[in-house]
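Those protein sequence lines, which keep their order, are chains A and B.
Sequence positions in the first sequence follow this note's numbering and run 1371 to 1591.
Sequence positions in the second sequence follow this note's numbering and run 0 to 230.
Even glycine gets a Cβ: it sits at the ideal position worked out from N, Cα and C.
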Amino acid sequence: MDEIRLFKELQPLPPLDAPRIRDAALARLAAAMSGPVTIRRPGVRRVAMAGAVAVAAVVALAITSLLPGSHRPGHSFSVVKLADGYITVTINQLDDAAGLQQTLRADGVPANVYLGVPGPQWHPPCTFDPRIPTDASGQEILPTNLGRGWPYLPPLGTAFTFNASAIPSGDVLAVILGMDPAANNANWPNGTWLQLPLDPSGTAVYVGLYLAQPSPQCTGS
Amino acid sequence: MLTEHPGRSNQPGPGNSADDAERADPTGGSRLSDANIVKASIGDPRRFGEIFDRYADDILRYASARLGSDLAEDVTAETFLAAFRARSRYDLSRPNARPWLYGIAVRQIGSHRRAERRYLQALGRVRAETVAADFSDRVADRVTAEQRRPQLAAVLSGLSRQDRELLLLVAWTDLTYQESAQALGVSVSAVKSRLHRIRARTRQALAGTNPAPPEMRIATPAQISEEICHG
């Protein structure tokens, strides 16, 4: 007996309303496929205005500025500290790296938050924690729903949760808002990153999460 | 597979080349590979609809099996939307997009943990009806599975998230070990070792338990949903 096949037999039958579900999913995809076209120029991404999202931003490969005056009303992020040492972060906009850093540190997370790639100092001699970030029970410290190499594309404002209490002693959690992994594909360590769309047409911004060993050259402390 | 994680080389990983090429062109005819369609869709977004046509039923069925039909629409739509948005970063060395899509679906499903937990609990409670005896291996497995449903559901719930994702990908889709490894971003050896551990755990859970009375039926999502609603 193959035990795996036993689980196969537990699989529910397809839903009776599968055609309706398929049609509804296709309608949503079709709307996205016929949305506004995003123009990309070398070194600069332009995010097209979208009807439902009152945010427009110019996102550079190394972010230097955001268009002012067009942010969605409301907070840029939220941080919720859970009882078991987990932290849930929701990032809505990229314009308050300092605030996010301050809030995370106040909740006991040794975090450095960067807007855009931190610059040449981010590459070696930065020392990234080589350990796959798991806690004592083998659960990953960084969000398990973000998978290395697999961008997770939640709607803007979706929360992600990580186990702050299991961050190795001495490590710094680097949160990089607006990184572009494709443009920095050398020497990036094991970590995790998620992709946040800023508008329905699909131009994405990445948030990277890494564990690094602090140094004046790397993390400024 | 999407563009490799920063820091990893862009070398093609395991599970590509021959198997993927056959899968992408099973008839040996002129059917375009998924990679070619994704590439074409960068310039012509409407071409991505062909990817949807090929795999929507698979993803829909998997999402429904994991979370029920109510959430299946969201997961299916969000999976293909996510894939569409990320298509410019698709690893064109991988002709078969199915592992990529399943990997995205797994992440989407992961954002519905509460619903998944309820669904797993209900999976263990749906009771069985009588089925005619048959000596085929498939029916023997089915009978055993139905008799041990509560224990199997308990094993499922007790697995780590990573192990559960792997088990259900292997058991509930027809992804190969290599494709499952691609979908989850792990090595094939990790897949094999985890499955070995899961098998051992299952055997332990089933050992010494008394099977339920010999009644069996196959649960439909509606029945499971009803279980969820009415306890």
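**Message:** Which residues in chain D have a C-beta closer than 7 Å to the C-beta of A:D1387? List them in chain order.
**Reply:** Among the protein chains in the structure shown, which are A and B, there is no chain D.
Note to self: I need the DSSP call for A:Q1583, collapsed to helix, strand or coil.
What the structure shows: On the first sequence, position 213 is the one that residue 1583 of chain A refers to. Strand.
Buried or exposed: where does B:Q203 fall if 16 or more other Cβ atoms within 10 Å of its Cβ makes it buried? Position 204 of the second sequence, counted from the first residue, corresponds to residue 203 of chain B. Counting the other CB atoms within 10 Å of its CB gives B:Q203 a total below 16, which places it among the exposed residues.
- Query: Can we count B:T75 as close to the ligand ATP, meaning its CB is less than 7 Å from some heavy atom?
  - Reply: The ligand ATP is not among the ligands present in this structure, which contains no ligands whatsoever.
| task | Using only alpha-carbon positions, find the residue among A:P1584, A:L1383 and A:S1448 that is nearest to B:L122. | result | Your numbering for residue 122 of chain B matches position 123 in the second sequence. From the listed residues A:P1584, A:L1383 and A:S1448, the smallest Cα separation to B:L122 is found for A:L1383.
Counting along the chain, where does the beta strand (DSSP E) carrying A:A1481 start and finish? Counted from its first residue, the first sequence places residue 1481 of chain A at position 111. A1481 to L1485 is the extent of the beta strand (DSSP E) around A:A1481.
With H, G and I counted as helix, E and B as strand and the rest as coil, what does DSSP make of A:I1537? One-based indexing of the first sequence puts residue 1537 of chain A at position 167. Three-state result, A:I1537: coil.
Item checked: C-alpha gap between B:V190 and B:A81, whole angstroms -> Position 191 of the second sequence, counted from the first residue, corresponds to residue 190 of chain B. Position 82 of the second sequence, counted from the first residue, corresponds to residue 81 of chain B. Rounded to the nearest whole angstrom, the CA to CA distance from B:V190 to B:A81 is 25 Å.
Residue closest to B:A144, alpha-carbon to alpha-carbon, out of B:R106, B:L205, B:R93 and B:L174 = Here residue 144 of chain B refers to the residue found at position 145 when the second sequence is read from its first residue. Nearest of B:R106, B:L205, B:R93 and B:L174 to B:A144, Cα basis: B:L205.
Interface residues of chain B facing A:F1532 [CB-CB closer than 7 Å]: Reading the first sequence from its first residue, position 162 is the one you call residue 1532 of chain A. Per Cβ cutoff of 7 Å: no residues; A:F1532 is ~14 Å from chain B at best.
By the three-class DSSP mapping on this structure, what secondary structure does B:A96 have? If you number the second sequence from 1, residue 96 of chain B lands on position 97. Coil at B:A96, not helix or strand.
Given A:G1421, which residues of its chain have a CB within under 6 Å of its CB, disregarding the five upstream and five downstream residues? Counted from its first residue, the first sequence places residue 1421 of chain A at position 51. Its pLDDT being 25, under 50, A:G1421 is placed unreliably by the model, and the measurement read from it follows with that caveat. Within the same chain, A:G1421 has no close Cβ partners at all.
Within 9 Å of chain A by C-beta, residues of the region 187-208 of chain B in sequence order: In summary, the residues of the region 187-208 of chain B whose CB is separated from some CB of chain A by less than 9 Å are L194, I197, R198, A199, R200, T201, R202 and L205, in the order they occur in the chain.
>> Buried or exposed, going by whether 16 or more other CB atoms sit within 10 Å of the CB of A:A1397?
In response: Here residue 1397 of chain A refers to the residue found at position 27 of the first sequence. Looking at its Cβ environment, which holds fewer than 16 other Cβ atoms inside 10 Å, A:A1397 is exposed.
From which residue to which residue does the beta strand (DSSP E) around B:T75 run? Numbered from its first residue, the second sequence carries residue 75 of chain B at position 76. That residue, B:T75, is in no beta strand (DSSP E); its alpha helix (DSSP H) goes S68 to R84.
Give me the chain A residues within the contact set of B:P44, using Cβ-Cβ distance strictly less than 7 Å, ordered along the chain.
Sequence index remark: in the second sequence, residue 44 of chain B carries index 45 (1-based). Contact annotation for B:P44 against chain A: M1403 [CB-CB distance below 7 Å, chain order].
### Query
Can you name, in chain order, every residue of its own chain whose Cβ lies under 7 Å from the Cβ of B:I36, other than the five neighbours on each side?
Mapped onto the second sequence, residue 36 of chain B falls at position 37. Excluding sequence neighbours, B:I36 sits near R46, E49 and I50.
* Compute the distance between the beta-carbons of A:R1392 and B:D173, then report whether it is under 8 Å. => By 1-based counting over the first sequence, the position of residue 1392 of chain A is 22. By 1-based counting over the second sequence, the position of residue 173 of chain B is 174. No, the pair does not count as a contact, with Cβ atoms beyond the cut-off.
Separation of A:F1447 from A:E1373, as counted between CA atoms
On the first sequence, residue 1373 of chain A is found 3 positions in, with the first residue counted as 1. On the first sequence, residue 1447 of chain A is found 77 positions in, with the first residue counted as 1. Each residue's alpha carbon lies about 45 Å from the other.
*asked:* Using a Cβ-Cβ cutoff of less than 8 Å, which residues in the same chain neighbour B:Y54 once the five nearest sequence positions on both sides are dropped?
replied: In the second sequence, the residue the question calls residue 54 of chain B occupies position 55. So the list reads A96, R97 and L100, once near-sequence residues are dropped.
Would the region 87-95 of chain B count as touching the region 58-69 of chain B if we require 3 or more Cβ pairs under 8 Å? These segments do not touch.
**Prompt:** DSSP state of A:A1544, grouped into three classes?
**Reply:** As a working note, residue 1544 of chain A is residue 174 in the first sequence. Residue state, collapsed to three classes: strand.
**Asked** Quick one: is A:I1391 near chain B, going by C-beta distance under 8 Å?
**Response** Counted from its first residue, the first sequence places residue 1391 of chain A at position 21. The beta-carbon of A:I1391 is placed less than 8 Å from the nearest beta-carbon of chain B.
Does the beta carbon of A:R1475 sit closer than 8 Å to a beta carbon anywhere in chain B?
The count along the first sequence starts at 1 and reaches residue 1475 of chain A at position 105. Chain B, which has no Cβ nearer than 8 Å to the Cβ of A:R1475, makes this no.
Problem set entry | Per-residue DSSP class, three states only, for B:S268 | Past the edges of chain B, shown from 0 to 230, lies residue 268 of chain B, and the structure says nothing about it.
Quiz item: Could you give the distance in angstroms between the alpha-carbon of A:Y1522 and the alpha-carbon of B:P149?
Solution: Position 152 of the first sequence holds residue 1522 of chain A. Position 150 of the second sequence holds residue 149 of chain B. For A:Y1522, the predicted structure reports a pLDDT of 37, less than 50, and the residue's modelled location is therefore unreliable. The matter cannot be settled from this model.
Interfacial residues, the region 75-99 of chain B to chain A, with Cβ spacing under 7 Å
Per Cβ criterion, the list reads T75, A76, F79, L80, A81, F83, R84, A85 and R88.
Can you tell me whether B:G109 is helix, strand or coil according to DSSP? Stepping through the second sequence from its first residue, residue 109 of chain B is reached at position 110. Three-state result, B:G109: helix.
Checklist line | Contacts that B:I60 makes with chain A (C-beta to C-beta distance below 7 Å) | finding: The residue you call residue 60 of chain B lines up with position 61 of the second sequence. Checking the displayed sequence, the identity of residue 60 of chain B turns out to be Arg instead of Ile. Residues of chain A passing the Cβ test: P1384.
Check: Where does A:S1448 fall in DSSP's three states?
Finding: Here the question's residue 1448 of chain A lines up with position 78 in the first sequence. A:S1448: strand per DSSP, three-state reduction.
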